[in-house]
Amino acid sequence: MTKYREILRLFNLGISQTGIASSCGCARKTVRDVVNRAKACNIIWPLSAETTDADLEKLLFPDKSVPKSDRKSPDYDYIDKEMLRSGVTLKLLWNEYCEGCRQNKDIPLMYTQFCHHYQKYSDKKHATMHIPRKPGEQIEVDWAGKPAYLIDTDTGEMISCHIFVGVLNYSLYAYLEAFLKMDLESWITAHIHMYQYFGGSTRMLIPDNLKTGVDRTDEWYTPKINKTYYEMAEYYDTAVLPARVRAPKDKPGVEGSVNVVTNWITAAIRNEKFFALEELNRKIQIQLEKLNHKPFQKKEGSRYSVYLADEKPFLTPLPPVAYELSQWKKATVQFNYHISVDKMHYSVPYEYIKQEVDVRLTR
Numbered sequence: 027m028t029k030y031r032e033i034l035r036l037f038n039l040g041i042s043q044t045g046i047a048s049s050c051g052c053a054r055k056t057v058r059d060v061v062n063r064a065k066a067c068n069i070i071w072p073l074s075a076e077t078t079d080a081d082l083e084k085l086l087f088p089d090k091s092v093p094k095s096d097r098k099s100p101d102y103d104y105i106d107k108e109m110l111r112s113g114v115t116l117k118l119l120w121n122e123y124c125e126g127c128r129q130n131k132d133i134p135l136m137y138t139q140f141c142h143h144y145q146k147y148s149d150k151k152h153a154t155m156h157i158p159r160k161p162g163e164q165i166e167v168d169w170a171g172k173p174a175y176l177i178d179t180d181t182g183e184m185i186s187c188h189i190f191v192g193v194l195n196y197s198l199y200a201y202l203e204a205f206l207k208m209d210l211e212s213w214i215t216a217h218i219h220m221y222q223y224f225g226g227s228t229r230m231l232i233p234d235n236l237k238t239g240v241d242r243t244d245e246w247y248t249p250k251i252n253k254t255y256y257e258m259a260e261y262y263d264t265a266v267l268p269a270r271v272r273a274p275k276d277k278p279g280v281e282g283s284v285n286v287v288t289n290w291i292t293a294a295i296r297n298e299k300f301f302a303l304e305e306l307n308r309k310i311q312i313q314l315e316k317l318n319h320k321p322f323q324k325k326e327g328s329r330y331s332v333y334l335a336d337e338k339p340f341l342t343p344l345p346p347v348a349y350e351l352s353q354w355k356k357a358t359v360q361f362n363y364h365i366s367v368d369k370m371h372y373s374v375p376y377e378y379i380k381q382e383v384d385v386r387l388t389r
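My numbering puts the first residue of the sequence shown at 27, with every later residue one more than the last.
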């Protein structure tokens with residue numbers, strides 16, 4: 027049972043709600059609800075020594091105090107909080123709950139009931155309102171978590187390939203391509219091909235906080251856009267807005283599509299053998315077309331039909347020529363007013379001697 031007396035006592039001492047929740051082993055929401063109900067019911071500390079937690083529950087939460095069964099109801103606020111911690115499982119929490127019931131001579135729920143009621147609680151608590159999206163507004167991009175594989179023709183070794191995923195988040199029209207490396211060149215190349223596939227760009231580009239596109243992924247700092255990535259975005263007249271660290275709702279379309287990629291495409295080709303990247307990508311494109319034309323389950327149309335009718339007209343037209351991949355490096359101008367980059371020497375104005383300069387390299 028929730029420690030109502032202790033919550034009210036600590037609140038009277040001026041302890042923060044976070045501190046009370048930590049001390050009493052419950053969620054901050056529980057503390058907030060107890061304090062608010064106590065104020066509404068004019069229940070003030072100190073309380074009579076005879077007033078128990080059960081008495082307080084009847085006063086503060088009369089509906090909750092009505093027993094639904096003879097079995098002890100778990101504190102799902104506490105369970106939900108503990109499930110966020112690394113290594114904690116429902117099985118572990120159920121064992122701890124059973125031990126608490128044994129000590130208090132209560133009858134615990136069976137494990138299946140425990141999981142069932144927690145799932146219902148979690149679904150209700152974490153239900154969120156659908157965020158409406160505008161056509162032609164955002165593309166969400168990421169690397170899929172599950173790779174595809176090539177077979178080395180010389181050694182027979184399995185070579186993992188990284189799959190780039192780009193999603194128009196209104197229609198969910200997707201683009202996929204496999205690469206041998208998850209580096210900046212692959213990242214930019216994937217974007218160029220994606221824009222060509224979509225036939226336009228959007229106002230905003232939402233990447234994950236990954237090193238290939240964002241220089242700093244520290245949760246204490248605003249992510250800094252990689253200079254090459256920024257230049258490419260400017261060329262396609264779009265703004266790069268990295269998703270916040272630990273905020274998956276910033277990228278709902280691509281997060282969902284990564285799962286679709288894993289289940290639909292990599293699973294579909296799991297029994298096939300590929301010996302070249304081009305061969306793998308041809309197969310991915312075939313599966314991609316099937317995915318984009320697959321009818322939605324809960325609404326009319328498909329990704330392609332919604333893209334064609336509702337989103338494509340709002341895309342920004344592409345430049346006549348595709349972006350030329352570049353790389354930025356730093357170099358210091360020597361006394362001979364030359365810089366050395368990738369074993370090549372370039373002359374610069376002598377005014378820059380001993381200064382560090384930015385160098386843009388193209389193929």
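In this text, a Cβ means the ideal position worked out from N, Cα and C, and glycines have one as well.
Exposure label - residue i; buried when at least 16 CB within 10 Å
| i | result |
| --- | --- |
| S227 | buried |
| S197 | buried |
| Y372 | exposed |
| T264 | buried |
| A204 | buried |
| N68 | exposed |
| Y247 | Since pLDDT at Y247 reaches only 38, below the 50 mark, its modelled position is unreliable, and no value is offered. |
| L82 | buried |
| V367 | exposed |
| N312 | With the sequence shown as reference, residue 312 is identified as Ile, and Asn is not the correct amino acid for it. Burial call: exposed. |
Inter-residue Cα distance where the pair is residue i and residue j
| i | j | result |
| --- | --- | --- |
| V383 | C52 | 56 Å |
| E245 | P268 | For E245, the pLDDT reaches just 44, beneath the cut-off of 50, and the residue's location in the model is therefore unreliable, although a value from the coordinates is still provided. About 12 Å. |
| K84 | R63 | 11 Å |
| V26 | H364 | Given a span of 27 to 389 for the chain in the structure shown, any question on residue 26 remains unanswerable. |
| Y376 | N362 | 8 Å |
| P72 | M27 | 20 Å |
| P249 | Q323 | Only weak support is given to the placement of P249: the predicted model assigns it a pLDDT of 46, under 50, and the question is left unresolved by the model. |
| F301 | D168 | 25 Å |
| K355 | Y378 | 16 Å |
| K320 | V114 | 38 Å |
| E305 | I185 | 14 Å |
| T44 | D59 | 13 Å |
| V385 | P346 | 26 Å |
| I70 | P88 | 18 Å |
| L39 | K160 | 50 Å |
| K55 | A75 | 26 Å |
| L210 | N252 | 9 Å |
| D234 | D96 | 48 Å |
| G182 | P173 | 18 Å |
| T179 | M370 | 35 Å |
| C187 | S328 | 28 Å |
| M109 | Q145 | 12 Å |
| K150 | R111 | 20 Å |
| K316 | D336 | 20 Å |
Check whether residue i and residue j have beta carbons under 9 Å apart
| i | j | result |
| --- | --- | --- |
| T78 | R31 | yes |
| H219 | Y262 | no |
| N307 | A200 | no |
| G225 | K338 | yes |
| N130 | K98 | yes |
| I291 | L202 | yes |
| G104 | H143 | Residue 104 is actually Tyr in this sequence, not Gly. No. |
| Y349 | M258 | yes |
| K309 | E298 | yes |
| L176 | L351 | no |
Cβ-based neighbour list, residue i, same chain, cut-off 6 Å, excluding 5 preceding and 5 following
| i | result |
| --- | --- |
| V164 | The sequence given here has Gln at residue 164, not Val. So the list reads N195, T228, M230 and I232, once near-sequence residues are dropped. |
| L116 | C141 |
| F37 | V61 |
| I295 | K309 |
| L341 | G162 and G226 |
| L118 | none |
| Y330 | N318 and H319 |
Contacting residues, own chain, Cβ-Cβ under 7 Å from residue i (five flanking each side not counted)
| i | result |
| --- | --- |
| W120 | Y137 and F140 |
| Y221 | S227, Y262 and L344 |
| C124 | P134 |
| Y333 | L194, S197 and Y199 |
Cut-off 8 Å between Cβ atoms - residues of its own chain near residue i, not counting five sequence neighbours on either side
| i | result |
| --- | --- |
| T358 | I365, K380, Q381, E382 and V383 |
| K29 | C50, G51, C52 and D79 |
| C127 | K98, I133 and P134 |
Within-9 Å CB hit, residue i to chain D
| i | result |
| --- | --- |
| L176 | As a matter of chain content, chain D is missing from the structure shown, which is built from one protein chain. |
Residue i: CB within 8 Å of a non-hydrogen atom of the ligand GTP
| i | result |
| --- | --- |
| M230 | Within the structure as shown, the ligand GTP is missing, as the structure has no ligands at all. |
Ranges of the alpha helix (DSSP H) found wholly within the stretch 58-91, counting only runs of at least 4: 79-86
Every unbroken beta strand (DSSP E) inside the stretch 161-196 [3 residues or more]: 164-169, 174-177 and 184-194
Every unbroken alpha helix (DSSP H) within the stretch 113-141, with a cutoff of 4 residues, ordered by chain: 116-129
Inside the stretch 315-376 only - alpha helix (DSSP H) runs reaching at least 4 residues: With a minimum length of 4 residues, the continuous alpha helix (DSSP H) runs that stay inside the stretch 315-376 are 329-332.
Continuous beta strand (DSSP E) assignments of at least 3 residues falling wholly in the stretch 190-235: 200-205 and 230-233
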